[in-house]
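Notes for the one structure printed next.
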Amino acid sequence: MELHEPELREVPVTAVLAALADDVRLQIVRALAEGGEYACGTFEFGVSKATRSHHLKVLREAGLTRTRVAGTSRYVRLRREELDRLYPGLLDAVLTAPARSGAGSGSG
């Protein structure tokens with residue numbers, strides 16, 4: 063099964079930023095930034111399976127992730143090197159930004 067994974071240079075930076083603008087997708091990217099490849103089913107984040115699949119699709123179509131299909135399983139990883147080469151500093155800025163809390167401002 064082939065999944066649509068665009069060449070990152072063909073993805074407008076606005077699409078990358080839009081994909082990162084969602085809290086759940088940002089949580090997924092933060093988890094993937096820890097390194098390695100993760101089974102898609104390991105991401106919980108308090109959303110349904112269908113919602114998780116949607117978020118992973120948005121990330122993949124924005125060029126942020128690569129998905130490998132192995133039988134009935136899918137494994138996802140961050141396209142870190144490509145992202146850093148094309149948009150230097152973008153991921154670092156996003157990943158080091160404080161996470162927003164759902165209940166007002168965080169401690170600081």
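Using the working numbering, you'd call the opening residue of the sequence shown number 63 and step up by one each time.
Think of the CB as a built atom: it goes at the ideal place given N, C-alpha and C, for glycine as much as any other residue.
These numbers were taken from a predicted model, which means no experiment stands behind them.
Hey, would you say residue i sits closer than 7 Å to residue j, going by beta carbons?
{"i": "residue 117", "j": "residue 86", "result": "yes"}
{"i": "residue 157", "j": "residue 145", "result": "no"}
{"i": "residue 65", "j": "residue 129", "result": "yes"}
Note down, in chain order, each residue of its chain lying with its Cβ closer than 8 Å to the Cβ of residue i, except the 5 sequence neighbours on either side.
{"i": "residue 165", "result": "No answer about residue 165 holds up, because its pLDDT of 42 lies below 50 and its placement is not dependable."}
{"i": "residue 100", "result": "93, 94, 137, 138 and 139"}
Tell me which same chain residues have a C-beta within less than 7 Å of the C-beta of residue i, skipping the five on either side of it?
{"i": "residue 109", "result": "86"}
{"i": "residue 73", "result": "124 and 125"}
{"i": "residue 81", "result": "87, 120, 121, 124 and 126"}
{"i": "residue 135", "result": "101"}
Looking at the structure shown, is residue i part of a helix, part of a strand, or coil, going by DSSP?
{"i": "residue 35", "result": "It is not possible to answer for residue 35, since the shown part of the chain is limited to 63 through 170."}
{"i": "residue 159", "result": "coil"}
{"i": "residue 101", "result": "strand"}
{"i": "residue 168", "result": "Because the pLDDT of residue 168 is 41, which lies under 50, any placement of that residue in the model is unreliable, and the number read from its coordinates should be weighed accordingly. Residue 168: coil per DSSP, three-state reduction."}
{"i": "residue 75", "result": "helix"}
{"i": "residue 205", "result": "Outside the modelled stretch of the chain, which goes from 63 to 170, sits residue 205, for which no answer is possible."}
{"i": "residue 65", "result": "coil"}
{"i": "residue 195", "result": "No answer is possible for residue 195: the residues shown for the chain start at 63 and end at 170."}
What residues match up with residue i in a beta bridge as DSSP calls it?
{"i": "residue 135", "result": "132"}
{"i": "residue 127", "result": "140"}
If you follow the alpha helix (DSSP H) that residue i is in, where does it begin and where does it stop?
{"i": "residue 84", "result": "Where residue 84 is concerned, there is no enclosing alpha helix (DSSP H), given that its DSSP letter is neither H nor E."}
{"i": "residue 120", "result": "111-123"}
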